[in-house]
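Since the structure comes first, as structure tokens, the remarks are kept for the end.
In our numbering, the protein residues as written are 4 to 142.
Structure follows, in structure tokens:
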């Protein structure tokens, strides 16, 4: 029994170390990319829409939006992408649309399980799940 537990702990420890090593070895983009560029998200004219196109939804939120200016400003500061993602055959789980006065001005696709967005850019799932308290269901 003790030998089995030690082997299990050793496997977990090796997995954690490998995960840390692999995640810190991401290739940097030539320049950071800001999804929101220089949009004035405090104006109240903007909204992010999310459409589940494949895979598991976040806490049963399939199609939702965020329109709270304070939350959008936090996301704007957070969504500055610095790393490339590995090319993976995961597909895309969500389509994202940035809207200004209900008109689509920017669009991308993301996969939360494999943590990438269009263009093979690393997209940590926390960049979205951190804000799930501000999700509003699309009707």
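Glycine included, every Cβ here is placed at the ideal spot set by N, Cα and C.
No experiment lies behind these values; they were computed from the predicted model shown.
Point to revise | Span of the alpha helix (DSSP H) around residue 53 | key: Stepping through the chain shown from its first residue, residue 53 is reached at position 50. Where residue 53 is concerned, there is no enclosing alpha helix (DSSP H), although the beta strand (DSSP E) around it starts and stops at 49–55.
Review point. How would you label residue 29, buried or exposed, when you count the other beta carbons within 10 angstroms and need 16 or more for buried?
Key: The residue you call residue 29 lines up with position 26 of the chain shown. Residue environment analysis places residue 29 among the exposed positions, since fewer than 16 neighbouring C-beta atoms fall within 10 angstroms of its C-beta.
Exercise for review: Only counting runs of 4 or more residues, tell me where the alpha helix (DSSP H) segments fall wholly within the segment 51–138, in order along the chain.
Suggested key: Whole alpha helix (DSSP H) segments, 4+ residues: 72–81 and 129–132.
**Study point:** the segment 63–72 / the segment 108–115 touching (three or more Cβ pairs under 8 Å)
**Key:** No contact exists between the segment 63–72 and the segment 108–115.
Check your understanding: Would a C-beta distance cut-off of 8 Å place residue 99 and residue 37 closer than the cut-off?
Key -> For the purposes of this step, residue 99 is taken as residue 96 along the chain shown, with counting starting at 1. For the purposes of this step, residue 37 is taken as residue 34 along the chain shown, with counting starting at 1. Taking 8 Å as the cut-off, the Cβ atoms of residue 99 and residue 37 do not count as close.
Review point. Can you tell me whether DSSP reads residue 141 as helix, strand or coil?
Key: Within the chain shown, the letter at position 138 stands for residue 141. Residue state, collapsed to three classes: coil.
Check your understanding: Would you call the CB atoms of residue 44 and residue 79 closer than 8 Å?
Key -> The residue you call residue 44 lines up with position 41 of the chain shown. The residue you call residue 79 lines up with position 76 of the chain shown. Yes.
Practice item. For residue 90, collect the residues of the same chain with a Cβ closer than 7 Å to its Cβ; drop the 5 residues on either side in sequence, then sort them by chain order. Key: Taking the chain shown and counting its residues from 1, the one referred to as residue 90 is at position 87. Within the same chain, and ignoring the five residues on either side of residue 90 in sequence, the residues whose Cβ sits closer than 7 Å to its Cβ are 123.
Check your understanding: Expressed to the nearest angstrom, what Euclidean distance is found between the alpha-carbon atoms of residue 64 and residue 57?
Key -> The residue given as residue 64 occupies position 61 in the chain shown. The residue given as residue 57 occupies position 54 in the chain shown. A direct Cα-to-Cα measurement between residue 64 and residue 57 gives close to 12 Å.
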